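Numbering (this note's numbering), first residue to last: 525 to 604.
All C-beta atoms, glycine included, are put in the ideal place defined by N, C-alpha and C.
These numbers were taken from a predicted model, which means no experiment stands behind them.
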């Protein structure tokens, strides 16, 4: 069976990130992975994503040390 990947590019989305990840987790798929790519957020987005990563084996969080731009972060997320 194929693995379904849900890619979530993030920059300063602490208000909605938990809801977004919860929505992804609610999908009922046997083989699913969620990749969150934080684009050097200056809010609590990275911390929120890491909390979900520690609680769910299907989540991987990547953080860029410098903001690489929205389009580049989206492409990076897809490449993961």
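Check, Outcome
"Any non-hydrogen atom of the ligand GDP closer than 6 Å to residue 597 Cβ", "The ligand GDP is not part of this structure, which contains no ligands at all."
"Residue 566 to residue 545 span [Cα, whole Å]", "19 Å"
"Residue 589 - DSSP class collapsed to helix/strand/coil", "coil"
"DSSP-derived helix/strand/coil call for residue 582", "coil"
"Buried or exposed (CB count within 10 angstroms, at least 16 for buried), residue 573", "buried"
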